[in-house]
Structures are given as C-alpha cells and as structure tokens.
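Undergrad:
In full-length UniProt numbering, the protein residues as written are 1 to 976.
(1) With three or more beta-carbon pairs closer than 8 Å as the criterion, would you say the stretch 794-809 touches the stretch 704-714?
(2) If you reduce the DSSP assignment to three classes, tell me which class residue 948 lands in.
(3) With a 10 Å radius around its C-beta and 16 neighbouring C-beta atoms as the bar for buried, classify residue 742 as buried or exposed.
(4) Let me know the secondary structure DSSP gives residue 928 once reduced to three states.
(5) So, for residue 839: in the same chain, excluding its five sequence neighbours on each side, which residues have a beta-carbon less than 7 Å away from its beta-carbon?
(6) Below 8 Å on the Cβ atoms is my contact criterion, and I expect residue 778 with residue 811 to pass it. Report the Cβ-Cβ distance as a whole number of Å.
(7) Distance check for residue 895 and residue 466, CA to CA, integer angstroms please.
(8) Pull up the distance between the alpha-carbon of residue 943 and that of residue 893, whole angstroms please.
(9) What does a CB cutoff of less than 6 Å around residue 909 pick up in its chain, not counting 5 residues either side in sequence?
(10) Nearest to residue 947 by alpha carbon, out of 907, 418, 967?
(11) Nearest to residue 949 by alpha carbon, out of 231, 197, 876?
(12) Could you pull out every unbroken alpha helix (DSSP H) segment of at least 4 residues lying fully inside the stretch 786-837, listed in chain order?
(13) Closer than 6 Å by C-beta to residue 265: which residues in its own chain qualify, once you throw out the five before and the five after it? Chain order, please.
(14) Suppose only complete runs of 4+ residues qualify. What are the alpha helix (DSSP H) ranges in the stretch 655-705, listed by chain order?
(15) Less than 8 Å separating the beta-carbons of residue 668 and residue 835?
(16) Whose C-beta lies closer than 7 Å to the C-beta of residue 911 among residues of the same chain, with five residues either side of it excluded?
(17) Using the rule of at least 16 other Cβ atoms within 10 Å of the residue's Cβ for burial, across every protein chain shown, is residue 585 buried or exposed?
(18) Which same chain residues, not among the five before or five after residue 964, have their C-beta less than 8 Å away from its C-beta?
(19) For the alpha helix (DSSP H) that residue 313 lies in, which residues bound it at each end?
(20) Taking the C-alpha atoms as reference points, what is the distance between residue 470 and residue 480?
(21) Would residue 123 and residue 139 qualify as a contact pair, given that the criterion is a beta-carbon distance under 8 Å?
(22) Helix, strand or coil for residue 980, going by three-state DSSP, please let me know.
(23) Quick one: which unbroken beta strand (DSSP E) runs of 3-plus residues sit fully inside the stretch 463-487? Chain order, please.
(24) Starting from the C-beta of residue 647, find all residues in its chain whose C-beta is less than 7 Å away, skip the five residues before and the five after it, and write them out in chain order.
(25) Which stretch, first to last residue, makes up the beta strand (DSSP E) that contains residue 873?
(26) Just how far apart, CA to CA, sit residue 484 and residue 493?
(27) Can you give the beta carbon distance from residue 475 to residue 550, rounded, assuming they're within the 8 Å contact cut?
(28) If I measure Cβ to Cβ from residue 829 and keep anything under 6 Å in the same chain, skipping five residues before and after, which residues do I get?
(29) Can you tell me where the alpha helix (DSSP H) holding residue 546 begins and where it ends?
(30) Can you tell me which of 727, 730, 815 puts its alpha carbon nearest to the alpha carbon of residue 755?
(31) Could you check how far apart the C-beta atoms of residue 304 and residue 316 are, in whole angstroms? I think they sit under 8 Å.
(32) Should residue 939 and residue 969 be called a contact, given that it needs their Cβ atoms to be closer than 8 Å?
(33) What span of residues does the beta strand (DSSP E) with residue 779 cover, start to end?
(34) Specify, as a first and last residue, the run of the alpha helix (DSSP H) that residue 880 falls within.
(35) Quick one: residues in its chain with C-beta nearer than 7 Å to the C-beta of residue 458, no 5 flanking neighbours on either side, listed in chain order?
(36) Residue 986 to residue 381, Cα distance in whole Å?
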C-alpha cells in the first residue's frame, strides 16, 4: 500500500493490536488521503498545461501582431506563415488579414508543398471560412492553379468531399454550388476524374450533389488516359458501382458516354486481375448501387465476355470479383460454356502441353501448376456449372452435346482434383492437425465438386473401378485407425444424446415456430461432432497425425479407401454395438410386454421373444417389434406357427432370425404395393404417402427391418432404386437435394422424354413455337395409390405459366425436383428414420448408393469362389472323402456363373456370395446326408441355416441332373 507521503515504499502497519473499529477507520483514512493527494496532483498537472497553453497563445499572438505590423516589409512570406500557424491562423488573424495572406500565396514557389495544400483544404471545413464566399473562391483559385498533382497527398478527394457535403439550397448559375462545380471543371484531369468515380456515396451527406456531379461528367475526354495505375484496392467497389450507375444513367444516348464508361470498366477489370488478388466485389459491396450495377452487368454481360473471353485471367476476375451475386456468376459461366471450344481452350491453357485425342487421363497432373491459380480456379468454377448443365448421356457423349468438352479432358481434370484434394488435406492435417487454414474456401470448392463427380461415377461408371482409391501403400496398409473409429462412435453417441436432450428441453419452452429452427440447429450441430472430435487435445495426444488424417479422409472422402476396408470397419462397428447391447450374453428371455422403446439398463437384457404366423408375418412382426425402438438390435427368440396355428419345430441357431427377416423383406418390399413400388428395372422405392398414417408406420418399420438385416449380416434379394439409396445416405438437411439425372432410377421413361425435350432446344431442331405447341404448363399429373389422378403445380401459379424455349430448362428441373424431392418425401423420411434407428447415419455415410446395395444384397460383380465355399463347409452324415461329396464339388466346379448364382440362392436365399467370403456365413454352409435309399428325391435346402440336404447319389450325372432341377425350380423351402 502507499504511505501518507505518496511514495510506493511499503509501510508496516500493525493492525492486530487495535480494535476492529480502529482498523477499519485507519484503512478508510488512508484511502481518503490517497484520493486527496491524487486529486491535488491532477490539479497541479492541469494548471501546468493551462499555463503552457496561455504562454503559447500569448507568444503566438505577439508574433502575429509583429507579422501584421511588418507584413509589408517582410516580402513574400505567406507560404511560411501558413506553415507556421496552420489552421490556428484563424485565432490570431482576422478574416480580412487571412484573405490578404492567402491571396499572396505563390503556388509556383518551392515552399508551396503538400503542407500548404493540406492547410488550405482544412480551412475550408471551418464554418467562418465557408460563410465567406470570397475566401473560399481564393482558396479554390490557388488549388486550381496547380499544374500537377501533389505527390504523396491527393488533395482532390478532400476538396470533393467538402464541395459535395455542402447544403446548397440555391443551385442557380450564380450560386455557390455553381462556383464549386466550375472549380471542379476547371481542375478536371484524368486523375480528378478517377477520384470522382472512386468516391463512396456513403461518405457524402447530400447525395444529390454527388449524383448531379456524376451526371455532369464527360468520360469521352478522359477514358483514353484513364489512370488505372492510381486505383486503390479499397476504392474498387465504389468505382465499379459508380461506373455501372453512370452507364445505366446514360444508356441509350448517342453521345458516346456509354461506350466510354464501358471502356473504363474494362480497364479497371484488367487492372484488378493483376494487382488486386484479394478484392471481391460481393464482399465489399454495400448494396447502395447494387441494382444499377446488376443492371449494368446484365445488359453488358455478353459484350464484356466478347471482349475478355480469351483472356482467362480477366474472365476469372470478372467472375470471382466483379459478379454482384451468385445468379450473375452462374449466368456468366453458362454463357462461357456454350461458346464453341471455349472449355477446351481453358483446359489446354491450364496445361503446359496440348492434349491430343490420344491423351490418357493417367498423364501426370503436375503440369497444372499451382492448384489455386486463377486459371485453374476458373476451370473448377466452370466445371461445377458444366456438371449442373449436362446430362449423364451428354457427359459420356460430348460430340452430341452443345458443349464440346471431350471425355478424356474431363477425366484428366478429375484426376487432378482428386490428387489435389488428397495431398492438400493430407499435408495440412499431418503438418499441423488443423484443417481450417488459408485457401480453405478454394479447397472446399475442390472437395465439393469432387464429391459431385464421384456421385456421377457411381451412377454411369466413368472411371475404372480402382480410380478413386488412393495409390499410397503407407496410407492404405500401415495406418491403423480401428481404435479411432470406435472412439468416434462412442463420442458421437454421447454427444448426440446430450444434444438431443438439450434440444428437447428447448422445445418445451418455445412456440411451434421455433421448433423447426431447433431441429435445424440439432442437425447442424450433429454435423459438427466430427470436427469437434478430431480437434480434441486428448485425441491429438493419443493418435498420430497420420491416423487423424486417415480418419478424417474416411468420413470426408471415404472413396479414397478401398471398399472392403470400409466394410470391415462397418462390421466391426456392429460388433462393438453388439457388445454395447450385450446381445451375445446367455440371459433369461424377457417377455415382449416388459420392453419399452428406450435404451435403458445396458447389460441386463436377454433376447426378445415373439410368436409369428407365416400367414401374417408382416403384421405380427410389426405388432411384436415396432415399439421396441433400438432394442431391436438384441437377439430375437422366434416361434413360427403354421396355417392351422400349430407351433413349428425349428433349428434355432440364428437361422430362424434369418428366415424371419428374409420373409418380412419378401412380403414388405415385394408384395405390398401400398408400401413399396418398383420401377421398370424392378428396383424398389417407397410408395408416396396417400392419407393412410398406418402405412407410414409400416414404412418406418420396414426401415428398421432393413437396418436389422445389415446388423445381423443377413443378405436379402432386393434391389433398391439408386435415388432412394442416395436419400438413405444423406443427412436430413440435404434430403431434398437429388439431382435431375437421378430421375432415371425412378422413372426411366419420364427421364428419356425430358432428355428428348431438352435436346429439342439444345440441338436447334425445335423453335420456340414448336415447344409452345406442346401445350406444357408448370404442372404435372400424378396418380395416387388408389388410381385417382390429380394435377400438382410445380411452382406457385404454375398452372397458368406456359413452357417455352426460355423457361424449358427450369421446367425440366422443376419436374425432376417434384418427382425426386417432393412426391415421396414423407415416405422416404419415415423409412430413413426407421433405418437410422438400427444403423446410425454416421455408420453408412462412408458408402455410396451402389456400395450400400452391395451391403444389402451382396456383391454385384463378385464371382462365386467354389474353393472358398468348400473350405468353409460343415458335413453331417458325410465326410469330405465320400464319393458323393467329391462328385458334388466337381459338379459345382463345372457350373457356369449363372448356375453358381442359382445354387447360392438355393442354399442362402440370395444369389450373391457374402462380402467377406463364405467364412462369414452364420451359420456356416452345411451338407447333410439325406440317405442312400432316397436317391430319387431332389436335393432340398433350409435357407434359414444355409443347409443343403443332399441324397447320397453316388452318381455324378444323376447328382448334376437332380441338383440343376432343384436350383432351377426353387424347390428349396423345406423346414428342418
């Protein structure tokens, strides 16, 4: 504490020997004393400053008196007087004296430098000077006589602000405003013209002054020598905004002003492409003149592109920095893409060597140089629009399309994008474990377009099978992330549950309007769980940077990792979840009525029992298991009843569960049109909602059953439409983002008709009148499940909007959007919610639609390995050395692929082998001896336990004949 002398030296004060009251008083007095001394010190400092100011004032006043007394004998000292006193000259000289001093200023002398000019400009801001027209005219006269601009200080801008901020009620020919305008015109030069255009209207108090000044400008005198080198980056936004404003203002006049402003705009555009890399019009734009600038860009877009289309750096500048909104940028890209061979030229400009028709996409991509350069960024931007514009057919057959972009060019740039994304993310994570760094937006664009290309490839097979897998042995083989995956799943479950409870609490305290926002917040927060997980300090200590990198790639770019590696992780997650639910523990069977849909009392449950009638398998299953929620992951204890209600005997080693699941899938997906429909390729997708809430509940339950099939490794012989599978892989936020070409998997006939309609315009074979003659409107006729027809508007008021050549593309997209994203929205959402009850979204987001179909029904292109089946076979009543068994394997070896598929379907109910080989079959494939005396019987199978009942034929040809008959007639469903 400070002592009473005001020093900082410590004082020892013994407070323990006095009373409590005395101690408090002593502390209070000490505090008051310190405040008193601080106040006295402050007064002393203030008095010293006041005395100093008074002495300075008296000294300056004395000096000013001497100058005024001896002014006539001092000679030409006006410049020095201004420099000496500055704006304080008004305190010591009268306005009459000030007029004399300013009038005597010699603008041509060496002493007239930027200090004098700055002082004159500042004097204009004083009210007493502004009210004296004679003084202001003298100041403007002196400043206007400058032959060249002052270096280091551009006083034009300050003068203009002063002129424009005046409140001029009189604007006549002899008014003060007219004098100021005459001064500006008298001083006009290319640099002053630039400074006027660079003024920001927000800085002008009276905007009428500014608009009138702009209207009076004559750009035809100055655009040739327009000083682009004097442009400053921070003034680019108002500059281009004012150019657009003036262009629109004089549009249609024949005085050449429009063309002059257009030429100035081009000069600014070319200047900015080289000097201002960070400028972005959309970011700096305040919106004051946005409508005018947007109108200017809209009217001049084609003229601008005609002038700059071959200068790719200028095109990039216009697209990225001078486009006021996304719609304009998209229109610009569209205009460029349809220019003959423009995309080819841009692509070739990005490579050091020209590409020939024989160039392979495997050629090195190092020639592309800097991945975030202007040219390559432009190519990526245009490519994004290109993918929106072209159909799958046009992409593979560019010769028939309006846009000629060869497929080998497309493959090469895709390879470059893939390698760039991998290298950049790998380097950033490995080096710093921080992915949010410089150029993140650009790299994000790369990642987004790469994902779109991958989706296309899964649909139409553009690249070889191994194209997407990164060829890096260290990345694929040596970096193990099993532990990370398990930690993430546990972290995700805990975070999602906490987030869910928080959201539910919020819902109880807000109105209905806020519930939707709360749900959006929930979905957004769920997406950020992985980013939070990977940035945990604890995780960065436990895992290496390479492990973090591979884990990040798994969830952001899963196609970089081989499919079978991801399948292994998927099944390991299931095994981990089984442990979490203790589904393999031998515990008492709990009756169904004691279960609830919530997750509770982990580790204290047994198998769920239910009695199922084969005649009403779907209804019985719904009643038994729909209410149990996530507990459906537990083991099931099933009892089947026959047609007369008798209880069937069965081998319960997991086989009854398989038979139960395949039976429900057969019934629900194939025999219930009120729940599911087929396209022309017999691919399944949900039926649209038709005012029957119970059907939605059954759709939800079928989603759970499909999830249970995956959870139990049960393959089913059901093919789903790819657009529907893509919906299952999307998060809820993007559930309505299916693209036009996915319509082919929903309604191939409608897709082909829309393609023909589109080609009618793009090939120029149909005029606008031909399209209008089709009589199409923005509405569509649909039939519901009951066969009733109705018309639905595709857009608001669509029944009154006729389709023509201008809105044809919008119509086609609107049809696809309705069919893919609106018509089946409710049923797909219910199915997806049921599916995610068993298989969480973050488990399957690492697969594509085609890969998910493979998980559901087995490998599409996977050949059946008889040797693998033989090595994983168990025998009952036979040995491997028996003659019948030897003949059996010889016959299978001689089967063709189709016959082998039929045999596998005969014993397992699906025609495809398990993804992880026959060793993953549960229970394993078994052959049981059906007896020698029954040699005339056909082989039969129990698909629920993968069991073949084979008579002891001991004759190869008889075995072949009987086996072929059985697998071709599906004589297999006999219960053991």
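Using N, Cα and C, we set each Cβ at its ideal position, and we do this for glycine too. For clarity, every value in this text was computed on a predicted model and none was experimentally measured.
TA: In this structure, then:
(1) no
(2) The residue labelled residue 948 in the question sits at position 948 within the chain shown. Three-state result, residue 948: strand.
(3) Here the question's residue 742 lines up with position 742 in the chain shown. Buried is the call here.
(4) In the chain shown, counting from the first residue as 1, residue 928 sits at position 928. Secondary structure at residue 928: strand, using DSSP grouped into helix, strand and coil.
(5) Residue 839 sits at position 839 when you count from the first residue of the chain shown. Excluding sequence neighbours, residue 839 sits near 707, 710, 711.
(6) The residue given as residue 778 occupies position 778 in the chain shown. The residue given as residue 811 occupies position 811 in the chain shown. With 8 Å as the limit, residue 778 and residue 811 qualify as a contact, their Cβ atoms being about 6 Å apart.
(7) The residue you call residue 466 lines up with position 466 of the chain shown. The residue you call residue 895 lines up with position 895 of the chain shown. Roughly 29 Å separates the two Cα atoms.
(8) Here residue 943 is taken as the residue at index 943 of the chain shown, counted from 1. Here residue 893 is taken as the residue at index 893 of the chain shown, counted from 1. Rounded to the nearest angstrom, the two C-alpha atoms are 22 Å apart.
(9) For the purposes of this step, residue 909 is taken as the residue at position 909 of the chain shown. The residues are 662, 943.
(10) Residue 947 sits at position 947 when you count from the first residue of the chain shown. Considering only alpha carbons, the answer is 907.
(11) For the purposes of this step, residue 949 is identified with residue 949 of the chain shown, where counting begins at 1. Comparing Cα-Cα distances from residue 949 to each of 231, 197, 876, the minimum goes to 876.
(12) 808-817
(13) Taking the chain shown and counting its residues from 1, the one referred to as residue 265 is at position 265. Here the set comprises 243.
(14) Qualifying alpha helix (DSSP H) stretches, in chain order: 655-670.
(15) Within the chain shown, residue 668 is the residue found at index 668, counting from 1. Within the chain shown, residue 835 is the residue found at index 835, counting from 1. No, the pair does not count as a contact, with Cβ atoms beyond the cut-off.
(16) Taking the first residue of the chain shown as position 1, residue 911 is located at position 911. Once the five neighbours on either side are set aside, the close Cβ partners of residue 911 are 717, 901, 902, 904, 905.
(17) On the chain shown, residue 585 is found 585 positions in, with the first residue counted as 1. Confidence in residue 585 is poor, its pLDDT being 45 and thus under 50, which makes the residue's placement unreliable; the coordinate value appears in the next sentence. Exposed, because fewer than 16 other Cβ atoms sit within 10 Å of the Cβ of residue 585.
(18) As a position in the chain shown, residue 964 is number 964, starting the count at 1. Excluding residues up to 5 positions away in sequence, 899 lie with their Cβ nearer than 8 Å to the Cβ of residue 964 in the same chain.
(19) To locate residue 313, count along the chain shown from 1; it is residue 313. Element bounds for residue 313: 312-321.
(20) The residue you call residue 470 lines up with position 470 of the chain shown. The residue you call residue 480 lines up with position 480 of the chain shown. Note on geometry: alpha-carbon atoms of residue 470 and residue 480 lie some 16 Å from one another.
(21) By one-based count along the chain shown, residue 123 stands at place 123. By one-based count along the chain shown, residue 139 stands at place 139. Yes, the Cβ-Cβ distance between residue 123 and residue 139 is below 8 Å.
(22) No information on residue 980 is available, as it lies outside the stretch 1 to 976 that the chain covers here.
(23) Whole beta strand (DSSP E) segments, 3+ residues: zero.
(24) Position 647 of the chain shown holds residue 647. Closer than 7 Å at the Cβ level, and outside the excluded window around residue 647, lie 639, 641.
(25) Working through the chain shown from its first residue, we reach residue 873 at position 873. Unbroken beta strand (DSSP E) run through residue 873: 873-876.
(26) Your numbering for residue 484 matches position 484 in the chain shown. Your numbering for residue 493 matches position 493 in the chain shown. Computed Cα separation, rounded: 14 Å.
(27) Locating residue 475 in the chain shown gives position 475, where the first residue counts as 1. Locating residue 550 in the chain shown gives position 550, where the first residue counts as 1. With a Cβ gap of about 6 Å, residue 475 and residue 550 count as contacting.
(28) If you number the chain shown from 1, residue 829 lands on position 829. Correct list: empty, nothing qualifies.
(29) If you number the chain shown from 1, residue 546 lands on position 546. Taken as a continuous stretch (DSSP letters only), the alpha helix (DSSP H) holding residue 546 covers 545-556.
(30) Reading the chain shown from its first residue, position 755 is the one you call residue 755. Considering only alpha carbons, the answer is 815.
(31) The sequence position of residue 304 within the chain shown is 304, counting from 1. The sequence position of residue 316 within the chain shown is 316, counting from 1. Wrong, their Cβ atoms sit about 13 Å apart, outside the cutoff.
(32) Numbered from its first residue, the chain shown carries residue 939 at position 939. Numbered from its first residue, the chain shown carries residue 969 at position 969. By the CB criterion at 8 Å, residue 939 and residue 969 fall outside the cutoff.
(33) By one-based count along the chain shown, residue 779 stands at place 779. Residue 779 -> beta strand (DSSP E) spans 779-783.
(34) Taking the first residue of the chain shown as position 1, residue 880 is located at position 880. Element bounds for residue 880: n/a, residue is neither H nor E.
(35) Locating residue 458 in the chain shown gives position 458, where the first residue counts as 1. Only 848, 849, 850 meet the Cβ criterion.
(36) Outside the shown range of the chain, which is 1 to 976, sits residue 986, and nothing can be said about it.
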